[in-house]
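Peer 1: In the working numbering, the protein residues as written are 173 to 334.
C-beta atoms are modelled at their ideal positions from N, C-alpha and C, and glycine is treated no differently.
Nothing here was measured: the structure is a model prediction, and the numbers come from that model.
The structure's right below; bear with me while I get my questions together.
What follows is the structure, encoded as structure tokens:
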């Protein structure tokens, strides 16, 4: 199990490094310094999405469709596996709740990625329902990630691993 946790952690580290590098060197400059949808923890409104999509140039759109699409699929899968394995190593209900929260995080992040691609490939101004859905998924992924981490920490504080 330790080997799997280590491999998943390494995959998370690699994916995060590539994503951050791409965001800082390509996406943010391609959108006039605006933060990508993925990093807006509190979500975004239709006017904010419209401003981002209007500012985003073709190089930024292409980076989202290629590099970001690949590595922002690797990251949630690897992070879900990493967190789920960590939580499985804990005893009691808190460990299992952590696994469920990790799975919810992975599902929300992957669904968010699909919604963001629809925004990128759609019209400007974007469809309000698509923006609301994508924004809700962004907030949900961060909430589920926070819960998974909290359940893991609480389980660790409660006692020894199995």
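Evaluate residue 295 with the Cβ neighbour count: other Cβ atoms within 10 Å of its Cβ, from every protein chain shown; 16 or more gives buried, anything less gives exposed.
Peer 2: The sequence position of residue 295 within the chain shown is 123, counting from 1. Per the 10 Å Cβ criterion, exposed.
Peer 1: Using the C-alpha atoms, what's the distance from residue 245 back to residue 181?
Peer 2: Taking the first residue of the chain shown as 1, we reach residue 181 at position 9. Taking the first residue of the chain shown as 1, we reach residue 245 at position 73. Roughly 15 Å separates the two Cα atoms.
Peer 1: Given a threshold of 16 other Cβ atoms within 10 Å of its Cβ, counted over all protein chains shown, does residue 201 qualify as buried or as exposed?
Peer 2: By one-based count along the chain shown, residue 201 stands at place 29. Per the 10 Å Cβ criterion, exposed.
Peer 1: Tell me where the alpha helix (DSSP H) around residue 309 begins and ends.
Peer 2: Locating residue 309 in the chain shown gives position 137, where the first residue counts as 1. 300-330 is the span of the alpha helix (DSSP H), which, as asked, contains residue 309.
Peer 1: Mapping the DSSP letters down to three states, classify residue 203 as helix, strand or coil.
Peer 2: The residue given as residue 203 occupies position 31 in the chain shown. Coil at residue 203, not helix or strand.
Peer 1: So what does DSSP say about residue 229, is it helix, strand or coil?
Peer 2: The count along the chain shown starts at 1 and reaches residue 229 at position 57. In this structure, residue 229 counts as coil in the three-state DSSP scheme.
Peer 1: Quick check: the segment 185-192 against the segment 258-275, are at least 3 beta-carbon pairs closer than 8 Å?
Peer 2: The segment 258-275 is not in contact with the segment 185-192.
Peer 1: Nearest to residue 279 by CA position, among 226, 253, 197, is which residue?
Peer 2: For the purposes of this step, residue 279 is taken as residue 107 along the chain shown, with counting starting at 1. Among 226, 253, 197, the Cα nearest to that of residue 279 belongs to 253.
Peer 1: Work out the CA separation of residue 326 and residue 293 for me, nearest whole Å.
Peer 2: As a position in the chain shown, residue 293 is number 121, starting the count at 1. As a position in the chain shown, residue 326 is number 154, starting the count at 1. Straight-line Cα distance between these residues: approximately 41 Å.
Peer 1: Tell me which residue opens and which closes the alpha helix (DSSP H) that residue 248 is part of.
Peer 2: By 1-based counting over the chain shown, the position of residue 248 is 76. First-last of the alpha helix (DSSP H) with residue 248: 241-260.
Peer 1: DSSP three-state call for residue 212: helix, strand or coil?
Peer 2: The residue you call residue 212 lines up with position 40 of the chain shown. If DSSP states are grouped into helix, strand and coil, residue 212 belongs with coil.
Peer 1: Under the rule that 16 or more other beta-carbon atoms within 10 Å means buried, what is residue 285, buried or exposed?
Peer 2: Mapped onto the chain shown, residue 285 falls at position 113. Answer is buried; the Cβ neighbour count reaches 16.
Peer 1: Between residue 215 and residue 310, is the Cβ-Cβ spacing less than 7 Å?
Peer 2: Within the chain shown, residue 215 is the residue found at index 43, counting from 1. Within the chain shown, residue 310 is the residue found at index 138, counting from 1. Going by C-beta atoms, residue 215 is nearer than 7 Å to residue 310.
Peer 1: Ends of the alpha helix (DSSP H) at residue 192?
Peer 2: Translated into the one-based positions of the chain shown, residue 192 becomes position 20. 174-194 is the span of the alpha helix (DSSP H), which, as asked, contains residue 192.
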